[in-house]
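So in the working numbering, the last spot in the sequence shown is 1836, and the numbers never skip.
Where is the CB? At the ideal position from N, CA and C, for every residue including glycine.
Here's the structure, in structure tokens; my notes come after.
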Amino acid sequence: MKMQKKIVFLCVASALISALFASAVFGQDFSMNLKQGSTGPEVVRLQEALKSIPGVYPGGAVTGYFGMLTRRAVQKFQMKYGIVSEGDERTTGFGLVGRRTRMKLNELAKKKGASLPVPFLVQPPPLPLTPPPVTPPPIITPQAVRPAPAQISIEPPVLKNFGVRFEEWNKTTGTAGSFLFLPAENKVFLEYGVEVMGPDGPKILPTFEYRVARDTDVLAAIDGVITKLFYKDYTKDYGIHIQPSTNSQWILEHDHVSNPLVSLGDTVKAGDILGKAGTLGGELGRTEIMLFVGGSTITTHCPFKYLDPALKDMYREKILRHIKDWEEFKNNPALYNEESHVLPGCVQETILDK
1483 MKMQKKIVFL CVASALISAL FASAVFGQDF SMNLKQGSTG PEVVRLQEAL KSIPGVYPGG
1543 AVTGYFGMLT RRAVQKFQMK YGIVSEGDER TTGFGLVGRR TRMKLNELAK KKGASLPVPF
1603 LVQPPPLPLT PPPVTPPPII TPQAVRPAPA QISIEPPVLK NFGVRFEEWN KTTGTAGSFL
1663 FLPAENKVFL EYGVEVMGPD GPKILPTFEY RVARDTDVLA AIDGVITKLF YKDYTKDYGI
1723 HIQPSTNSQW ILEHDHVSNP LVSLGDTVKA GDILGKAGTL GGELGRTEIM LFVGGSTITT
1783 HCPFKYLDPA LKDMYREKIL RHIKDWEEFK NNPALYNEES HVLPGCVQET ILDK
């Protein structure tokens, strides 16, 4: 009798766990934009949802990291449901989990949630006709003591530069350090927190973004370890993550880097050359830096705020001089709204990307 009760309990518990797991995957709305490079529980749920749709994410790993395979699965999903079928993340949202893609995922999730099986219909198997053999107790052997995992570090990094060189405008060469002054550009240094036009419409820029000479060296902005190096097919360049240590919650991302000179796991010093700026077109290249704290939501920070205090006066002067030089070059003293800057080059101190 005890054996039968135990079997009934195990069957019911197993069914309950399965139903609860399915509810956790399909029962919550997708509420934030996701793209290549995103991490966290919402990416896990996205990958689980994509795996459940035949032909969209066959054999796809559930890792919590939005990589190239996940982006391709999102594109298949978008084509399957007539959301978008061409372009890229920036122009059409192809491969981006934006508003329309989230709506479709949530619609399918609600349908799956409504069709979950009821767990209490499970019937126990019949009792065996002969008593089961008695299994001797296992022999317990000493286990090796595993070291406790390192604690997550909340200490922010110290920036020693901003990834490119800010120098005075040379009117003969048309350069200003890494920057190339061309009349067709509205700005060659786009500030953190300024409003720009993205693939889904206006957005707040969470980076320092640069328009530079196409052969410009991209410099490591902090000391640390290369913890992620990923290729982005839609821009034909790389993203590089540097963390002060492997257990740090802080990440400095160098985006749009071509011909990378570093590998995953390398230790770098601020000022080391990571590669060249990504290609923008013609004579121009593009690169960006973004300082953020990872998690289920991403909080980005103004890079100037975490600059080495010994360098702040020098870089304040460099940024202000760049703004003055560019406005003179464009013959427009109102291109930058310096009154709105809470710190040099920053319209905001932090941005929460929900």
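How is the alpha helix (DSSP H) around residue i delimited, first residue to last?
| i | result |
| --- | --- |
| K1533 | P1523 to K1533 |
| V1448 | Only positions 1483 to 1836 of the chain appear in this structure, which leaves residue 1448 out of reach. |
For residue i and residue j, I'd like the C-alpha separation in whole angstroms.
| i | j | result |
| --- | --- | --- |
| T1769 | I1704 | 16 Å |
| P1684 | K1653 | 33 Å |
| R1696 | P1785 | 23 Å |
| L1734 | E1589 | 36 Å |
| I1771 | W1732 | 13 Å |
| K1558 | P1540 | 11 Å |
| V1700 | D1511 | 39 Å |
| C1828 | P1815 | 18 Å |
| I1686 | G1675 | 5 Å |
| R1798 | H1783 | 17 Å |
| D1790 | N1643 | 9 Å |
| V1526 | A1591 | 14 Å |
| A1504 | V1566 | Only weak support is given to the placement of A1504: the predicted model assigns it a pLDDT of 44, under 50, and the value that follows is read from those uncertain coordinates. Straight-line Cα distance between these residues: approximately 28 Å. |
| G1840 | D1715 | The first residue shown for the chain is 1483 and the last is 1836, placing residue 1840 beyond what the model contains. |
| E1820 | Q1830 | 12 Å |
| L1817 | E1691 | 16 Å |
| S1730 | Y1788 | 15 Å |
| V1494 | G1577 | Bear in mind that a pLDDT of 45 at V1494, under 50, signals an unreliable position, so the model cannot answer this. |
| P1826 | E1765 | 27 Å |
| K1800 | K1533 | 50 Å |
| D1835 | I1805 | 27 Å |
State the start and end residues of the unbroken beta strand (DSSP E) segment that holds residue i.
| i | result |
| --- | --- |
| K1812 | No beta strand (DSSP E) contains K1812, which is instead part of the alpha helix (DSSP H) from K1794 to K1812. |
| G1763 | I1755 to G1763 |
| S1740 | W1732 to S1740 |
| V1676 | No beta strand (DSSP E) contains V1676, which DSSP labels as neither H nor E. |
| L1834 | T1832 to D1835 |
| V1700 | D1699 to L1701 |
| I1704 | Counting along the chain, I1704 falls outside any beta strand (DSSP E), and DSSP gives it neither H nor E. |
| P1684 | G1683 to I1686 |
How about residue i and residue j: are their beta carbons less than 7 Å apart?
| i | j | result |
| --- | --- | --- |
| T1779 | T1832 | no |
| P1639 | P1726 | yes |
| F1811 | F1663 | yes |
| V1694 | V1646 | yes |
| Y1563 | T1521 | no |
| T1728 | V1750 | no |
| D1754 | A1702 | yes |
| E1530 | V1544 | yes |
| P1742 | Y1720 | yes |
| G1580 | N1668 | no |
Quickly, what does DSSP pair residue i with across the bridge? List them, please.
| i | result |
| --- | --- |
| K1710 | H1723 |
| S1778 | Its beta-bridge partners do not exist; DSSP assigns none. |
| E1650 | Paired residues: none, contrary to the question. |
| C1784 | C1784 is not bridged to any residue. |
| R1693 | R1768 |
| F1661 | A1658 and V1694 |
For residue i, which option in the options has the closest C-alpha, if you only look at C-alpha atoms?
| i | options | result |
| --- | --- | --- |
| Q1518 | A1702, K1751, M1561 and G1575 | G1575 |
| M1561 | K1586, P1523, G1549 and E1673 | K1586 |
| V1739 | G1767, A1752 and E1649 | G1767 |
| R1803 | K1593, R1584, F1648 and T1655 | F1648 |
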